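Working notes, structure below.
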Amino acid sequence: DNPAWVLFDMLINIGYGLGSFVDPSQINIWELYKIGRFCDAVDKNGYFQGVNNSLGGKEPRYSINVVLADKINVFETLSAIASVFRGNIFFSNSYFDFTDDRLKPPVLEFNNSNVKDGFFNYTNSRKDEEFNVVEVSYLDDQDNFKPKIEYVENSDDIRKRGILSTRIDSFGVTSKSLANRIGKHVLYATTKENQAVSFVGGLETLFLKPGDLVSIDDELKTRQKNFGRILSVDPENRIVHINQKFVTGTF
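With the working numbering as the guide, the letters of the sequence shown map in order to residues 130 to 380.
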């Protein structure tokens with residue numbers, strides 16, 4: 130029931146997946162392995178730790194329980210399975226790769242000196258899309274897989290702004306506690322992760338892939354400048370030339 134390995138099975142199975150078109154060597158199995166461990170909620174040694182469930186015990190962080198009984202679009206199905214662990218599947222350089230929302234270190238930093246015209250463009254989500262009530266539909270494995278709704282709310286925000294609700298139709302979710310975690314994630318994402326930024330970068334952006342985490346240091350927003358660019362390096366005299374005066378004690 131690990132969605133990472135269900136996804137892998139759909140990619141390589143000849144009978145009901147893409148096995149006739151995809152070779153296992155085309156799949157980034159090591160990234161999928163890391164995602165699978167995250168789904169299972171194991172420690173660095175592979176021992177199960179789990180997350181709290183609604184019955185006072187432990188369960189995997191993400192699991193999937195679904196029957197694919199009808200003829201369906203395989204690419205839509207792959208995306209739906211990846212969405213169970215809040216991830217994506219993408220095809221790049223003849224290679225299937227994956228991303229999820231595990232906590233990761235930033236890969237690159239962008240600042241005003243390495244983006245076009247030195248500007249970052251910010252947009253905020255609409256206030257009516259910052260939800261404080263989420264209804265998550267799921268099939269309850271503790272009650273003969275009957276369709277149920279998990280209601281998640283932010284009571285403090287409801288008192289301030291009134292009810293702003295949305296509904297999520299989950300895929301393959303049969304755990305009440307997983308449905309609850311999905312609802313909490315939507316509440317957090319729409320209210321705390323409600324700003325998008327866009328910019329035009331240089332050649333260093335070619336090192337990035339979907340899902341990579343980057344940091345942004347915008348002096349026009351923070352009103353602080355703690356970055357610079359290396360103009361040249363003189364290894365013989367051990368000298369580094371930078372584009373501005375270096376002030377000690379400010380880092």
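We put the beta carbon where it would ideally sit given N, CA and C, even for glycine. Please read all numbers here as calculations on a predicted model, not as lab measurements.
Nearest neighbour of residue i, chosen from the options [CA to CA]
i    : options                   : result
G331 : K187, N240, G179 and G185 : N240
V265 : A325, N273, V213 and R290 : V213
F167 : T206, K233, D286 and F219 : K233
I278 : D285, D286, I292 and S299 : S299
P276 : V244, K163, N372 and G301 : G301
N381 : P153, F219, G179 and Y145 : Any answer about residue 381 is impossible in this case: the structure gives the chain only from 130 up to 380.
DSSP-derived helix/strand/coil call for residue i
i    : result
V265 : strand
P276 : strand
E258 : helix
E282 : strand
V135 : helix
F380 : Caution applies to F380, whose pLDDT of 48 falls short of 50 and renders its modelled position unreliable; the model cannot decide the point.
I193 : coil
Y162 : helix
L184 : coil
L207 : helix
D172 : coil
F150 : coil
S212 : helix
F356 : coil
Close-in-space but distant-in-sequence residues of the same chain around residue i (CB under 6 Å, 5 per side omitted)
i    : result
N217 : A211 and T228
V262 : E282, I292 and S294
CA-to-CA distance, residue j to residue i, given in whole angstroms
i    : j    : result
Y267 : R310 : 12 Å
N182 : D199 : 31 Å
M139 : V343 : 31 Å
S192 : A209 : 13 Å
F177 : K354 : 45 Å
P339 : T206 : 19 Å
I287 : K321 : 16 Å
Y128 : K245 : Because the chain spans 130 through 380 in this model, residue 128 falls outside it and cannot be assessed.
G175 : N366 : 49 Å
F356 : K350 : 14 Å
Residues near residue i by beta carbon distance below 8 Å, same chain, minus five either side
i    : result
S223 : Q155
D270 : N194, T303 and S304
V362 : I368, V369 and H370
G165 : N131, A133 and W134
4 or more residues per run - each alpha helix (DSSP H) lying fully within the segment 285-337: Listed in chain order, they are 305-321.
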